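> For reference, the structure I am asking about is given below.
There are 2 protein chains.
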Amino acid sequence: MSDDREAVRAWLSLLAASRGLEKAVDAGFRNNFGHSISRFDVLSALDRAGAQGLRAGALTEKLMVSDGATTQVTAPLVREGLIKRVADPGDGRVAIFSLTKKGEKIFADMAAEHRQWIDEAFARMTPAQMKTLRRLLNQIEPEKIARSKKDAA
Amino acid sequence: MSDDREAVRAWLSLLAASRGLEKAVDAGFRNNFGHSISRFDVLSALDRAGAQGLRAGALTEKLMVSDGATTQVTAPLVREGLIKRVADPGDGRVAIFSLTKKGEKIFADMAAEHRQWIDEAFARMTPAQMKTLRRLLNQIEPEKIARSKKDAA
DNA sequence: GGAAAATATTTTAGATATAAAATAACAAGA
DNA sequence: TCTTGTTATTTTATATCTAAAATATTTTCC
């Protein structure tokens, strides 16, 4: 039995499943709300943060993207009034983002749709299987991948 | 117990695992070979296709990207001589891509590294667990996500 | 208090993606 | 053979992303 290629097979399945679902969810958000999945991620992070909001740096970490990406994805959301950006009164370097009332409402609508979409996509799985899936996914260790060669330069 | 949010939880885990691994693999390819994971995907598809190569349209399907993306990602690979593009003798509209000798060699090197990276990242899982993971991932149905509202327009 | 270092964010340049329009080539019927 | 429609690909415009440089602000140390 070719157990020696199972890891790559699992990785290809993982990539296909994730890309497929991400593409479908992104299309759903764009079609129904005119926003990308990236913007939903921002709203979601700010919703969890509540009234006190999040600093730009903290938002960057939650989104797991670069600082430049955060600046760019927040810009249209500020422009459209879904989130607001205020300078920290104590530290002039710090920008603090939080949801506006309008943003809270739109996020609630998006989250409800999102929840339904995901339930439909996972309909063939039992809750126990979903837990198993999560447990398995948590065993993957991307940080084990060596930065190797060029790093020696 | 809150079984009613398991699907979203599983989806978030799936997204985190996939993005994390994809980011690590992409960084590895860039550091060690100066190519992105997208280019590796192209080389991989053409390697599987063998000497006869793939039409642009077929390549687009395998990559699960847009036709424009295929044009753009193949351009630097042609320029650097890893793949070649020839017009179909029978149908002037058709472009056929295939690996060059240089491309075959570079792909072999990249694939070997890739295999090792993935083995390391999945080291905590048994082959049986990897199979279970694949089986669970294959039950996800992104196509179930309705294109709803805007489509009615 | 002021220069130097550290920190937080934005800007810029380049890579890669999509969607839609444009181009090019083939096919099929009058 | 035209002309009309279809198909295959590329081009263009726009959206995001990263990495690195630039900017702005605060902190630290003399």
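Going line by line, the protein sequences match chains A and D. For the first sequence, position 20 matches number 20 in our numbering, and the numbering has no gaps at all. For the second sequence, position 32 matches number 1032 in our numbering, and the numbering has no gaps at all. Each residue gets a CB set at the ideal place from its N, CA and C atoms; glycine is no exception. No experiment lies behind these values; they were computed from the predicted model shown.
#1: If you reduce the DSSP assignment to three classes, tell me which class D:Arg-1055 lands in.
#2: So for A:Ser-38, helix, strand or coil by DSSP?
#3: For D:Val-1094, does the three-state DSSP call read helix, strand or coil?
#4: Would you give the residue range spanned by the beta strand (DSSP E) that D:Val-1086 belongs to?
#5: Using a Cβ-Cβ distance cut-off of 8 Å, determine whether D:Phe-1122 contacts chain A.
#6: Closer than 8 Å is the cut-off here; do at least three beta carbon pairs connect the stretch 1013–1023 of chain D with the stretch 1048–1067 of chain D?
#7: Using 10 angstroms around the beta-carbon of D:Glu-1143, count the other beta-carbons present and answer buried if the total reaches 16, otherwise exposed.
#8: Give the C-beta separation of D:Ile-1140 and A:Phe-122 to the nearest angstrom, bearing in mind that I take them to be a contact with Cβ-Cβ under 8 Å.
#9: Could you check the C-alpha separation between D:Met-1130 and D:Lys-1101 for me, to the nearest Å?
#10: Give the secondary structure of D:Asp-1151 by DSSP, where H, G and I count as helix, E and B as strand, and everything else as coil.
#11: Taking 8 Å as the threshold (C-beta atoms), are D:Thr-1074 and D:Arg-1085 in contact?
#12: So that I know if they touch, is there some Cβ in chain D lying closer than 8 Å to that of A:Gly-155?
#13: Check whether the Cβ of A:Lys-144 lies closer than 8 Å to any Cβ atom in chain D.
#14: Quick one: measure Cβ to Cβ for A:Leu-54 and A:Phe-97, integer angstroms, because I've assumed they're closer than 8 Å.
So, from the listed chains and residues:
#1: strand
#2: Note: A:Ser-38 maps to helix in three-state DSSP.
#3: coil
#4: 1083–1087
#5: yes
#6: no
#7: exposed
#8: 6 Å
#9: 34 Å
#10: Any answer about D:Asp-1151 is weak, because its pLDDT of 38 lies below 50 and its placement is not dependable; what the coordinates show is given next. D:Asp-1151 falls in the helix class under three-state DSSP.
#11: yes
#12: Nothing about residue 155 of chain A can be read from this structure; chain A reaches only from 1 to 153.
#13: yes
#14: Right, the Cβ-Cβ distance comes to about 6 Å (below 8 Å), so this counts as a contact.
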